[in-house]
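Structure first, commentary second.
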């Protein structure tokens, strides 16, 4: 390891991008099932959704995803989850129902989580992207967008 | 597929969480290398960083990650990238240097990307999380946080 450079890196994620084997199933899930509006949708290539101020979630056709990384394999999605928090326990079940209607698969039904004091469910999207849907009583976002994990 | 429920799901990602085999290496990379401030850091369990208004990136010790999903395996990270955009091409190289100093591995040196009109590099963090560092001339975020991919 060399000496730390003077440059520091802005603490921002601008894109989260998944290798997507079935782009049409992703479209059905996110637009039809969840009711989301694409930021950009390119046939046979990619669909983008804005998911936070300044942050975009992308589903990138798997062979192009691989090509962009200089590889030939079409990797499965593994070792990552996305989470969506809701205001109460009933809303966890409502979101799970919407995900199932859109083509998702319930992996863990709504229940107490092992970590973090959450009530949650785990649902896979049609391409194996794992979503946690959670009610976390400590989750709080102030008007400037700053997150707190133990309330206001 | 059943009828679409009346519920739609807020278009928000609140957590992005990676299975992390070496949590100390993740700490060195993100705090020492990139200069980021943790939102919460729990020894042997997880380190969180806020990366957008209302959105948190988490590195979760791999066996606990698996347990939280009701599994025993410690999955490798695959099929996902995060991207960080910067204002010009030189800044791509600066961020890559910071990532290497923090323990990252260059997978694609700074060059023209195959997609999206970007100049980019690809760097893996010490746990295999793939970062794209990019200068994208079309990337624009308005004062309300709305993203445009073709400028203001």
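Chains as they are written, first to last, in the numbering used here: chain A, 1 to 152; chain B, 153 to 304.
Ideal Cβ placement from N, Cα and C applies to all residues, glycine included.
The segment 43–54 of chain A in contact with the segment 11–23 of chain A per 3-pair CB rule at 8 Å: yes
Let me know the secondary structure DSSP gives residue 107 of chain A once reduced to three states. strand
By Cβ distance, which residues of its chain are closer than 7 Å to residue 132 of chain A, with the 5 residues on each side in sequence left out? 81, 83, 120, 122
Cβ of residue 129 of chain A within 8 Å of Cβ of residue 77 of chain A? yes
Per the DSSP calculation, residue 162 of chain B is bridged to which residue(s)? Note: residue 162 of chain B sits in no beta bridge, so no partner.
7 Å CB neighbourhood of residue 181 of chain B in its chain, flanking five on each side removed: 254, 255, 256, 277, 278
Can you find the residues in the same chain that come closer than 6 Å, C-beta to C-beta, to residue 139 of chain A, ignoring five residues on each side of it along the sequence? 85
Name, please, each residue of chain A whose Cβ falls closer than 7 Å to the Cβ of residue 179 of chain B. The contacting residues do not exist; residue 179 of chain B stays about 14 Å from chain A at best.
Tell me, to the nearest whole angstrom, how far the beta carbon of residue 145 of chain A is from that of residue 53 of chain A; I am working on the premise that it is less than 8 Å. Yes, they are in contact, since the Cβ atoms of residue 145 of chain A and residue 53 of chain A sit about 7 Å apart, within 8 Å.
Residues that residue 40 of chain A contacts on chain B, provided the C-beta gap is smaller than 7 Å: Within chain B, the residues near residue 40 of chain A are 301.
List the residues that DSSP assigns as beta-bridge partners of residue 218 of chain B. Answer is none; residue 218 of chain B lacks a bridge partner.
State the CB to CB distance for the pair residue 171 of chain B and residue 79 of chain A, rounded to an integer number of angstroms; the pair is presumed to be in contact (CB under 8 Å). 4 Å
Quick check: what's the CA-CA separation for residue 38 of chain A versus residue 110 of chain A? 28 Å
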